[in-house]
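Take a look at the structure below.
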Amino acid sequence: MSEDDVPIEASTPVTGQSRMDAAWGSESDSVASVARPSTQTGQVFEQVYKPWDGTLNPRWMRNWAIFRHHLLGIFRKGHRPWGVPTKLFLIFVFIASMTDVALTLLFAILGEPGLYELWGVGRNNLYAHVLGFFPRNMLFYPLVAALLVGGVISEDRSNGTSALYFSRPINRFDYVGMKYLAVASIQALIILGTLMLYYFADILSMGRGWAWIIDTFPMFLTTMFCGVLLIVTYTSIGLALSSVSRGKFFPGIALLAIILGTKTLAAIVEGLFDKSILYLISPYDSIAHVGQALIGANMMYDHPWVWSLVSVLAFNAISLYVLSVRVSSMEVTRE
Amino acid sequence: MIPDVSQTGEAVEQQWVPQPKAPVVMLNNVGKTYGRYQALGGVSLALSGGVTGILGLNGAGKSTLFKLLMGKLRATQGEVRLFGTNPWKNPAPYARVGYVPENESLHDWMTAFDFVTTFARLHGLTRDEAKLEAERVLEFVGLTDVMHKKIGRYSKGMRQRAKIAHALVNDPDLIILDEPLQGCDPLARTTIMNVIRELGRMGRTVLLSSHILSEIERITEQIVILHQGRLLAIGNVHAIREQLDNIPHTIELECSDAKALARDVLSLDSVHGLQFPTTTKLRIFTHHLGEFHKHLPTIVVENNHNVMNINNPDDDLQTILGYLTGGSR
Amino acid sequence: MAKDRGETIWTALDRKATAIAEFTMRQYRTRISTWVVLGVGFLSISVVLLFYIDAMNTEIEAIDNDGDSFDSDGDGYVDGQEFKLGTDVYDEFSHPGLFNPPIQPEPASMYINEDDYDWDYSDARSVASTGYDDDGDCRESQLLDSQKDTNNDGIPCNIRIVFNSLTGEYQIFADAGVDEDPDEDRYGKEAQHRAFVLAIGKLGFVFLLSIFIPLFLATGLIRDEMTSGTMHYMTAKPIARGEIFLYRMLGYLGIVWPYMLIMCVLMALISGLLGPGDQFFRFADLGVWFSVLIAALLATLVYGMLFSFLGVLWKYGIILALPIAAWELGMALLSMSVPESTFLRMSIVGWSMSIIDSGALLVWPDMDMFTQAGSWAGGSNEGNSFFSFESEALPGHGALEWAQSDLGLGMGPYPTIIVSMMVLLAQAAFFWFIGQLVFKSKEIE
Amino acid sequence: MTYEWVIETKELTKSYGPHVALDSLSINVPKGATGLLGPNGAGKSTFFKTILGLIQATSGEGKVLGHDIRTEGLDIRSKIGYMPEYEALDNDMDAIHQVRYSGELLGMNPVVAMARAHTAMEYVGLGELRYRPISSFSTGMKQATKLACAIIHDPQLIIADEPSNGLDATARDSMLTTLYNMVHSGGRSVLMSSHLMEDVERVCDSMVLLHKGKLAAQGRIEDLKAIDREIEIHVWGSADELEQAMSQEGLEVRREGRIMRIKHDGEHTTHRILKCAAHTGAQIRRMHEYEASLEDLFIVIMERFGYGVKSSEDLLASPAEARRVDAPEHMGGSGS
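Protein chains in written order, with the numbering used here: chain A, 1 to 335; chain B, 336 to 664; chain C, 665 to 1109; chain D, 1110 to 1445.
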């Protein structure tokens, strides 16, 4: 063969070099060098079949498992692995949401009634704890929702785990429903949890009596209700976005874009034409308006609050519709 | 043009000229580590021409090796040279390289024809040239009838072939195929194997990795065995086996009269042990496989034995790999 | 076939460039999310447009700024008429009906908006005197010349304007009865129109569209390919990674720029046709729209480069992009209130917005004056009007004040545009440069 | 519940719009191990999904373990273990938790699920690796984890889609052994699809062959192997000469690299081969009667359906050839 004398340069520092021949028909001059394995270990591997004859629990137990998987993932390993940035941010928001708790306690200890009145439980403060725009609904809660919903539906398709999970006796709607509940619960832990802390910190630190509690408790419950409304709305929109997209980030970004973008848009219109009606397309502002009406805080919008309520309901209805349509047509295979 | 900021020393020439005497692929003491984990350690290797199978278990460093060659990864030590050029610094050698990556993802939203055409144009072909080339390579891999359908609708084998087509479009001198046969049905596999053999026969350098040993064997005898990032063996599979002569080779013959055949075989120097598992079976131990096989047919024919079966249980890739890697995972 | 390819570097470059750019554009086109994002962008701008259309078709309620449509003494003659004819406004028994021949009372509506707004010149710094007493209550009144010249500039029945170089504002000294009751509708529509163009350009195009569209489209430009593993195909070709980055960007621009162009042309057409004015179409506004277009194109370019670079830098690049978007939001608001702030120099949105402000200043050189006049509101706002009514600024003035801002660079409009464009281009080049550096040193798994 | 067949379908059809994925399949799968074969895109995965009740069949009916696939999907899915084809694991979880969670999804309580997860991991041979994150696993370990997920509740029937895909020799070995043991010492049924015919041969007794959604063949593997007898030899050295010599001898030779197959032609075929070898000095490393493997069977059946194994001579004759002139010397030469 003529190629045999093709030189590999003398300077080429090659140790295991060899001139490779064409695929087959290789004749005499095969060169080879071999390195020996340093150790030789063997492995005897015996398989013992262990049958199992337990009974499987019914539907509610399976659903509980799904819920638990997602919720506990926030706290410990071994359940759904939420990303580290997400967890860090959740902690940050949890702490940041407790500024009013901290200030209440601080002023209660200092005994400054004037400052205390500024920070203690009251209509406007309860409203602000859940529905205030800056910073809570601009930087905290929508971001929390965005981080949580990002990929929560689409991950199963991108990981391929949907094929594994849906081969279990699980109903898709149960599966997504439990994810919904889990995501909402995590947000509730932050938003409603800190709200409760705030309320009880106030009672404890100021030694409030029953009269005060009876007086403010309906207001507190209303705020809780508004918080639930906020969580449900953000979660519905977020999960609907998560179900229509494949990516991990798209739903989060889209949720932020919807919440902040519509608000900016409405603000432009208000600035230019002095009309607040466009705030109806902003989920946050609609909820805030409903909250202002229910809690009794200062109204910041010109249109009737019932319109905002209708708008909030419409947001939820549309999102849940999209979600359920997507879920029922969900592919089980990997995309 | 685009400044090559990371370059050291002289500017990169635009008209890339391969170094004429350099081997197509050369690795000198190349290592790649990820933190504490060593994917490849001190591999030296030079290849030009022919089909070479890179063998190794999952995680042996085959893909790392290819990615180093394709400039996807930067070697933590040693030199990598593709046609004499460092591929991490300069993508010019890829004008002669076709690469079929391991991962299954493809641009599902385009047709195979568009896919191949687009990537042909990255070689500097015009639109029309690229279309011609695309038609040719797609024909070559047998996708002509479906080439205007979306890749997303292709089966695994078709996707694999589309990938190969895109790699062949520049008529490369070096073709690197990372697990090309994985997930293909027998028909597709046979087709792809034909393609690879064909390329080898044309004098192209083909590197292919696989862990389906019987298939490598059908394509080539030239192998490189990697294990845990180390180069374990390189060369002809039989030559490698022969070098490992401290373990006797076993040859099993099935014939009508084992004892009679044994008597004749015994005269050969290379035989150093015999065994009779059954009356019609003869097991021969030898240190010199080639020597023995050279003489065996003559003995059989001369003495008119009736040999039905010759089996060589040690002489396949699987055994070699098992032996070299010490049977561990 | 002897290849006559590779004649020059440029032809080969061009082939690769178009191949990747086309490829990228197709990729975008096949994704639903692209269309959703672009569609939502279109919808949001359209929503604001709807409000604009509505505002343009609504008559602004005329307000009697100087209050002379009242009949203070109840003699059946409104104050304006009495004043003009020299009878006593507060004396029931002194009115023009006692004249010989008696003069009939005029309807009150004649004394609303009776003094049209007419400061029709561009540079207030060279002309110090303006204003025309349309209703004649200064010119034709039987006052002495010295009484007609209450601002003491030697010219009766005019408005004297003094530019205060310290505050950068205008002081307005009007003779009594001059332009004291301007036309709200005329001023308001013009002000709203200008405010709309500016606000939609700055907040709509440069902020909303130019941040969110690249956020969705450009962040994954390189990163998505790297995560999905399809980048292997491209990097295995004889093409430098810096080129890949650049050409992918070209493909992105190939989608985004035409979109921005279409949006701008659409908005320019609609607002030009519907906008106030005597002409059929406001041709002059095209200049402003052109500057909006330039700003939006450059902003999408820079943001695209930046977000794409962040995507290359880190798998979770979008998490880095969010704080940047928040910073830009802050800068956008800052640029509308304090345009000379130094912080703006460290943003993208600040430079882009100054292009629009400059464009607006070139097309509407009377912008400062116009704003000031709205605030002056026929004098009613400063209390030096004849009747000294407590009154607000003219409608639309607030919106215009909000949307308009001065040039912060301390240069004229043309230098500002040129400098801003250069800076934006340099930013884009810088992000591309470090982007490709990072991309080059990235190991692709 | 008693049932004769593990899986039984009648005229099962599934179409996506105009595209027919399954075309009136009537399949009976007995107890024990069965291989489901077919080229890529034959509808194997669709078939699996249909019998799992994950997608609704367009028409026809089917029963799995005696349950109707249309109405009793939940019961079927409680009783089978499905091992998907593609990666189906959450890379950020530890293996043991992934397996446990998939057990919990069946309705096991967490304690039982954990215990069973340990057993299953042990059984598939990942005992000491179970606390490692899945992202650090090799393909073989991932496949084994998938199998562990499938067998955590010790199902009646294991459906494995391409279980040996992408595995190296050792991992493949243990995967197949595990499946084999499931059938032979566990008494479970296995339905597996594979591209590697050797795998199916090793584990299964019977097989079903699909092609473009249609049933191509069904039956016991033994019965289906009825192809001309051939003798296969592995030659080393002087292969060309040997081939020539044998052709002159009048033997019919098919050659594939250094492997040749000679059509069996009377008793003395082997002798004649050896004679040629002695003559040419070729070494015959192996010689044995070639049992038609499923792969050949597959190709034969597929050829009847109009497929062909494509050979290729045309790469060199292309316009691209002209570009090779600037190739370095040692590259340009030789060729075909």
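Just so it is clear, CB atoms sit at the ideal spot from N, CA and C, and this is done for glycine as well.
Owing to the predicted nature of the structure, the values given are computational and were not obtained by experimental measurement.
What number of angstroms, rounded off, separates the C-alpha of residue i from the C-alpha of residue j?
i: R1094(D); j: E1339(D); result: Residue 1094(D) falls outside the range modelled here, since chain D spans only 1110 to 1445, and no answer is possible.
i: I1164(D); j: K1158(D); result: 6 Å
i: T1167(D); j: K50(A); result: 39 Å
i: K263(A); j: I908(C); result: 37 Å
i: V1128(C); j: T698(C); result: Since the first residue of chain C shown is 665 and the last is 1109, residue 1128(C) is not available in this structure.
i: F747(C); j: V753(C); result: 6 Å
i: Q354(B); j: V360(B); result: 12 Å
i: V504(B); j: A685(C); result: 20 Å
i: M612(C); j: T86(A); result: Only positions 665 to 1109 of chain C appear in this structure, which leaves residue 612(C) out of reach.
i: S1273(D); j: R1329(D); result: 21 Å
i: S1427(D); j: H896(C); result: Only weak support exists for where S1427(D) lies, its pLDDT of 34 falling under 50; the value from the coordinates is given anyway. Rounded to whole angstroms, S1427(D) to H896(C) spans 26 Å at the Cα level.
i: N693(C); j: I213(A); result: As written in the sequence, residue 693(C) is Arg, which differs from the Asn given in the question. Each residue's Cα considered, the two are about 59 Å apart.
i: M1250(D); j: A1280(D); result: 8 Å
i: T794(C); j: D737(C); result: 33 Å
i: H1397(D); j: E1341(D); result: 6 Å
i: V712(C); j: R858(C); result: 14 Å
i: Q292(A); j: M300(A); result: 8 Å
i: A201(A); j: T222(A); result: 18 Å
For residue i versus residue j, is the C-beta spacing smaller than 9 Å?
i: E848(C); j: E725(C); result: yes
i: A1348(D); j: R1367(D); result: yes
i: L392(B); j: V365(B); result: no
i: T883(C); j: K979(C); result: no
i: L90(A); j: I190(A); result: yes
i: A374(B); j: K367(B); result: yes
i: E1358(D); j: R1381(D); result: yes
i: R912(C); j: S972(C); result: yes
i: V476(B); j: A500(B); result: yes
i: D739(C); j: H759(C); result: yes
i: N729(C); j: G1062(C); result: no
i: P169(A); j: S1187(D); result: yes
i: G535(B); j: V386(B); result: yes
i: N1200(D); j: N159(A); result: yes
Assuming residue i contacts residue j (C-beta within less than 8 Å), just tell me the rounded distance between them.
i: G1212(D); j: A1226(D); result: 6 Å
i: D1104(D); j: G78(A); result: A question about residue 1104(D) goes unanswered here, because the residues of chain D that appear run from 1110 up to 1445.
i: W1015(C); j: S1084(C); result: 5 Å
In the DSSP assignment, what are the bridge partners of residue i?
i: W1345(D); result: Q1392(D)
i: H1320(D); result: K1323(D)
i: V826(C); result: Q835(C)
i: I1189(D); result: L1266(D)
i: L542(B); result: T387(B), I511(B)
i: L1146(D); result: L1318(D)
i: L609(B); result: I619(B)
i: I1371(D); result: I1340(D), V1362(D)
Return the chain-ordered ranges of every alpha helix (DSSP H) run that is complete within the stretch 367-434 of chain B and spans a minimum of 4 residues.
397-404
Mind listing, in chain order, the continuous alpha helix (DSSP H) runs of no fewer than 4 residues lying wholly within the stretch 161-246 of chain A?
161-165, 172-206, 210-244
Unbroken alpha helix (DSSP H) runs of length 4 or more, entirely within the stretch 439-507 of chain B: which are they?
447-456, 462-476, 491-503
Can you give, in chain order, each stretch of the beta strand (DSSP E) that sits fully within the stretch 932-973 of chain C and has at least 3 residues?
none
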